[in-house]
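Heads up: the structure comes next, in structure tokens.
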Amino acid sequence: MKQMISLEVNGEAHELAVEKNATLLRVLRDQLGLNGPKRGCDSGGCGCCTVHVDGQAVYSCMCYALSYDGASITTAEGLAVDGELHPLQTSFIEAGAVQCGYCTCGMMMAAKQLLDECPRPDEEQIRQGISGNLCRCTGYAKIVEAVKMASER
Ligand code: FES
Ligand code: FES
């Protein structure tokens with residue numbers, strides 16, 4: 549049986565009928581068509597589903613959507629403002645921090661939380677800030693460089 553919830557997603561209000569056991573990830577991807585948050589492990593181990601809920605980074609695969617009635621959600625699609633890329637997006641591109649791209653949106657959302665809390669992180673703080681997000685391609689060096697570049701913008 550479905551229940552109605554309200555979510556604000558990337559600044560837009562939505563009324564959604566969701567299954568009791570639907571995760572936030574499933575609702576964002578399958579009901580709202582947002583492809584930024586990815587389904588990787590689906591069990592809280594990889595971080596590629598990371599979104600912000602009321603400004604806090606969470607693994608959306610581990611959240612029941614019903615528990616977030618009234619919440620404000622930001623996905624990687626919400627980072628750009630008026631068509632202008634967020635400094636993290638520009639920096640990931642310029643630093644070559646994207647290979648297959650599967651981790652990228654979650655990684656940027658983790659990095660955004662870090663920069664929100666610590667605008668000028670050093671390398672260790674960056675590595676700590678993204679430690680909940682796995683990347684199988686880049687070896688992390690370019691991701692760390694991208695976050696550093698974004699912090700300087
Ligand atoms: S898909 Fe959510 S942590 Fe891996
Ligand atoms: S770029 Fe492929 S998993 Fe990170």
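Taken in order, the sequence shown gives residues 549 to 701; the numbers are from the numbering used here. Backbone N, C-alpha and C define an ideal beta-carbon position, used for all residues, glycine too.
Apart from the five residues just before and just after residue i, which ones in its own chain have a Cβ nearer than 7 Å to its Cβ?
i    : result
G592 : Y607, C609, M610
D617 : I553, S554
A624 : G584, C653, M656, M657
D602 : A619, S620
L580 : V557, H562
C597 : L573, P585, K586, R587, G588, Y607, S608, C609, G654
Would you decide whether residue i is buried or exposed? Buried here means 16 or more other CB atoms lie within 10 Å of its CB.
i    : result
Q604 : exposed
K568 : exposed
S699 : buried
K690 : buried
S679 : exposed
R577 : buried
Does the beta-carbon distance from residue i to residue j come in below 7 Å?
i    : j    : result
V599 : P585 : yes
L555 : I621 : yes
A659 : L636 : yes
S736 : A694 : Since the displayed the chain opens at 549 and closes at 701, residue 736 lies outside it and no answer follows.
Strictly under 7 Å for the Cβ-Cβ distance: is residue i near chain D by that measure?
i    : result
T622 : Here chain D cannot be found, since the structure has a single protein chain.
Start and end of the beta strand (DSSP E) containing residue i?
i    : result
L564 : 560-567
Q604 : 604-607
Which first and last residues belong to the alpha helix (DSSP H) in which residue i is found?
i    : result
K690 : 689-700
I641 : 635-643
Leaving aside the five residues before and after residue i along the sequence, list all residues of the same chain whose C-beta is less than 6 Å from its C-beta, in chain order.
i    : result
G677 : L662
Taking 8 Å as the cut-off, does the stretch 628-636 touch the stretch 676-691 (at least 3 CB pairs, one atom from each stretch)? no
Using 8 Å as the Cβ pair cut-off and three pairs as the minimum, do the stretch 634-648 and the stretch 549-565 touch? no
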